[in-house]
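Q: There's a structure below that I have some questions on.
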Amino acid sequence: ANGEKAGGIDENKPSQPFGPERNWSYELGVKQGFDDGRGLFDVALFYIDRSDLQTPVLDPTLLPRPDTVVVNVGTAHSVGVEAQLRYRLSEALSVNLGGTYTDAKFDSGIISSFATFSGFAPNGDISGQPMGRTSKLQLNGSLDFQAPLTDKVDWFWRLDGSYQSKQYMDPTALTTIPGRAIVNLRAGIETGGFRIEAFAENLFNEDSPTSAFRDVYFGNYDTGVARIFPYRVTLSYGRQRLLGGRVTYRF
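Under our numbering, the first residue of the sequence shown is numbered -11, with each subsequent residue one higher.
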């Protein structure tokens, strides 16, 4: 399959529009039911060839201060495998498991602002470097239960979780975003049109950063040394543990 991501104009540098990003995707897989239809397993191999990747980079030439702009950078590829298993353990309980392994790298590309980093002189060549913000391993799973509690009331619960391995912030691979595991739990009852449930999102209060990007200090000093807009890394975090309840009614 062939796809295209439209180009556009970055408000931080409207004089330099960025072009479309293009890709060719190839996939080969198999899907198979088993145990008289109680289970379904599917697995697929994939390869994605990308060109003119829309990549946010810090532009040190912007005035009055450096800022991040989107530019088209080189070529890259992703190769991997994904699998999913769904199985009904009983009339009341079912399980769903999935996982993806991805190896994503730049085949060619130049990001001139990287030239000042160790190993990327003299021109910021990122050929062979890993793609940023891409985990090699992603896993997910859930258990779903629903059964009658009385003649007029059903009770239910759901436990689900997800995991992603570490990511690099950008193709320099100098900054690592650690892996994250999130577990959610909810349980409740249904009667008539009412649904009453309690929930815990991010049950174990995972507090690792979810993303990172490079920007600059809005000052001229870094650890006491005079500099003009020295680089820094800014982190973003997801929502911490959330406990609550919910009542809904279906008309």
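In this text, a Cβ means the ideal position worked out from N, Cα and C, and glycines have one as well.
Every value quoted in this text rests on a predicted model; they were computed, and no experiment measured them.
May I have a chain-ordered list of the beta strand (DSSP E) segments no shorter than 3 residues that lie completely inside the region 67 to 105?
A: 81 to 96
Q: Shorter than 6 Å, the distance from the beta carbon of ALA186 to the closest heavy atom of the ligand HEM, or not?
A: Looking for the ligand HEM in the displayed structure turns up nothing, as the structure carries no ligands at all.
Q: Considering PHE201, what are the terminal residues of the beta strand (DSSP E) in which it resides?
A: From DSSP, the beta strand (DSSP E) with PHE201 extends over 197 to 204.
Q: Cβ atoms of PHE29 and LEU73: under 7 Å apart, would you say?
A: It is a contact, given that the beta carbons lie within the stated cut-off.
Q: Among ASN172, THR49, THR63 and ASP23, whose alpha-carbon lies nearest the alpha-carbon of ASN11?
A: THR63
Q: Once DSSP output is grouped into helix, strand and coil, what is the label at LEU33?
A: strand
Q: When you compare only the Cα positions, how much space is there between ASP40 and GLN155?
A: GLN155 has its alpha-carbon roughly 21 Å from the corresponding atom of ASP40.
Q: DSSP three-state label for GLY107, please.
A: coil
Q: For LEU231, is the classification buried or exposed, using 16 other Cβ atoms within 10 angstroms of its Cβ as the cut-off for buried?
A: exposed
Q: Would you check if the distance between the CB atom of TYR219 and the CB atom of ARG234 is smaller than 7 Å?
A: no
Q: How far does the beta strand (DSSP E) with PRO136 in it reach, from first residue to last?
A: 125 to 136
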